[in-house]
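Right, one structure below, let's go through it.
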Amino acid sequence: MHGTPRPPATPAEALSAMDHLIAAHLIGQQELARRLGLTVTDLTCFGFVLEAGEDLLTAGDLAARAHVTTGAVTGILNRLQRAGYVTRRPDPKDRRRVRVAAVPDAVTRVEAVYAGHYKRLTALFSDYSPEELAIITDWFTRATGLAHEYLEKLNRNDPTEDC
Numbered sequence: 001m002h003g004t005p006r007p008p009a010t011p012a013e014a015l016s017a018m019d020h021l022i023a024a025h026l027i028g029q030q031e032l033a034r035r036l037g038l039t040v041t042d043l044t045c046f047g048f049v050l051e052a053g054e055d056l057l058t059a060g061d062l063a064a065r066a067h068v069t070t071g072a073v074t075g076i077l078n079r080l081q082r083a084g085y086v087t088r089r090p091d092p093k094d095r096r097r098v099r100v101a102a103v104p105d106a107v108t109r110v111e112a113v114y115a116g117h118y119k120r121l122t123a124l125f126s127d128y129s130p131e132e133l134a135i136i137t138d139w140f141t142r143a144t145g146l147a148h149e150y151l152e153k154l155n156r157n158d159p160t161e162d163c
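In terms of UniProt numbering, the sequence shown is residues 1 to 163.
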């Protein structure tokens, strides 16, 4: 597969397209979270729990990934547990810590909500060649790194540092 010819674009057009994608996904995440009875932050954290799979996260791991304090993640985990999305399990190597596991029924509910969208995205990706997918994946990975760097700068709240 060679991919479909693409129209030329400028960096400004790419930034605008990215802004529209981010806005559409933010609004979509809010709606999905609402349908699942969660906040966007809670849904994002549940996504991190799902991504970890069998390598269960600690509360500290989750706080670092979500860029929230350990106190905030305690509230998030309390809400997720009350809503039936996660359970806490003792860490087998350190009984003072707990690990967070997804509840299988909750995984099924969340996957069902995302299934149609992910199916459409997978179909969209099939329109790109392996080389183009490599570029797209590289861009997403590098842009995510820049976003995390930007968030860290914002969280430092240093007026002498340009964000």
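Positions of the beta carbon are idealized from the N, C-alpha and C atoms, including for glycine.
All of these numbers come straight from a predicted model, not from anything done at the bench.
Out of the options, point me to the one whose CA is closest to residue i's CA.
| i | options | result |
| --- | --- | --- |
| Ala147 | Leu50, Asp19 and Asp158 | Asp19 |
| Gln81 | Cys45, Leu151 and Phe125 | Cys45 |
| Leu121 | Lys93, Val107, Thr108 and Ile136 | Ile136 |
| Phe48 | Arg156, His117, Lys119 and Arg99 | Arg99 |
| His117 | Ala24, Val73 and Pro7 | Ala24 |
| Glu111 | Glu13, Leu50 and Leu15 | Leu50 |
| Leu36 | Val113, Arg142, Lys119 and Ala12 | Val113 |
| Leu56 | Lys93, Leu38, His67 and Ala72 | Lys93 |
| Ala115 | Leu32, Arg6, Asn157 and Gly53 | Leu32 |
Would you decide whether residue i is buried or exposed? Buried here means 16 or more other CB atoms lie within 10 Å of its CB.
| i | result |
| --- | --- |
| Asp42 | buried |
| Thr4 | exposed |
| Ile27 | exposed |
| Leu151 | exposed |
| Arg34 | exposed |
| Ile22 | exposed |
| Leu124 | exposed |
| Glu161 | exposed |
| Leu77 | buried |
| Leu38 | buried |
Taking 6 Å as the cut-off, is the CB of residue i close to at least one heavy atom of the ligand ATP?
| i | result |
| --- | --- |
| Ser16 | Absence of the ligand ATP is noted for the structure shown, with no ligands found whatsoever. |
Apart from the five residues just before and just after residue i, which ones in its own chain have a Cβ nearer than 6 Å to its Cβ?
| i | result |
| --- | --- |
| Met1 | Confidence is the limiting factor: at Met1 the pLDDT is only 48, short of 50, which leaves the residue's position unreliable, though a coordinate-based value still follows. Answer for Met1: Ser129, listed in chain order. |
| Trp139 | none |
| Arg89 | Arg99 and Ala101 |
| Asp91 | Arg97 and Arg99 |
Based on the DSSP output, what are the partners of residue i in its beta bridges?
| i | result |
| --- | --- |
| Val98 | Pro90 |
| Gly57 | The displayed chain sequence assigns Leu, not Gly, to residue 57. In the DSSP output, where bridge partners are listed per residue, Leu57 has Val100. |
Got a sec? Which residues, its chain only, sit under 7 Å from residue i by beta carbon, not counting five neighbours each side?
| i | result |
| --- | --- |
| Gln30 | Val40 |
| Thr87 | Gln81, Ala101 and Val103 |
| Ala106 | Gly84 and Tyr85 |
Looking only at its own chain, which residues have a Cβ that is under 8 Å from the Cβ of residue i, when we skip the five neighbours before and after it?
| i | result |
| --- | --- |
| Ala17 | Ala9 |
| Thr70 | Ala59, Gly60 and Ala63 |
| Arg109 | Leu36 |
| Gly75 | none |
Spell out whether any CB of chain C is found under 7 Å from the CB atom of residue i.
| i | result |
| --- | --- |
| Ala9 | Of the chains in the structure shown, none is chain C; there is only one protein chain. |
Run through the region 20–72 for me and flag every whole alpha helix (DSSP H) of 4 or more residues, listed as ranges in chain order. 40–52 and 59–66
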